[in-house]
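Numbering (my numbering), first residue to last: 143 to 245. All residues carry an ideal CB built from backbone N, CA and C; glycine is no exception.
This is the structure in C-alpha cells:
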C-alpha cells in the first residue's frame with residue numbers, strides 16, 4: 143500500500159476493497175451452506191457398495207468433494223484478504239483525518 147496515495151484514490155480503494163470483500167463473503171457463505179449437501183451427494187454414490195461409515199470416510203477423501211472444499215477455502219481467503227485490505231486502507235484514511243484535525 144502506498145502511504146502517499148492521493149485522497150481520492152484512497153477513497154476509491156476503500157470502496158473497491160469493501161465491495162470485493164462483501165461479494166466474496168456472500169459467495170463463501172453460500173458455498174459453506176452447500177458443503178454438507180455436497181458431502182451427502184458423494185456419500186450416496188458410495189453407500190450401495192460399502193458400509194455407511196466407510197462410505198462417509200471415502201466421501202471425505204473424494205476428489206470432487208475436496209475440489210469443492212478447496213474452492214470454498216480460496217473464496218473465503220479472498221474475502222478475508224479483501225477485509226484486511228479494506229481495514230488497512232480505512233486506518234490510513236482515519237489517521238490522515240486525525241492529523242488534519244490537529245493542524
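Extent of the continuous alpha helix (DSSP H) to which residue i belongs
i           : result
residue 184 : 149-189
residue 222 : 205-244
Burial state of residue i, where buried means 16 or more other Cβ atoms lie within 10 Å
i           : result
residue 149 : exposed
residue 192 : exposed
residue 184 : buried
residue 216 : exposed
residue 221 : buried
residue 224 : buried
residue 201 : buried
residue 163 : buried
Local conformation of residue i per DSSP, three classes
i           : result
residue 146 : coil
Close beta carbons around residue i, own chain, < 7 Å, minus the five adjacent residues each side
i           : result
residue 227 : 159
residue 170 : 214, 217, 218 and 221
residue 118 : There is simply no residue 118 to check, as the chain begins at 143 and stops at 245 in what is shown.
residue 198 : 185
Close-in-space but distant-in-sequence residues of the same chain around residue i (CB under 6 Å, 5 per side omitted)
i           : result
residue 155 : 231
residue 204 : 184
residue 210 : 180
Cutoff 8 Å; reference residue i; Cβ partners in own chain excluding five residues on either side
i           : result
residue 147 : 155 and 234
residue 195 : none
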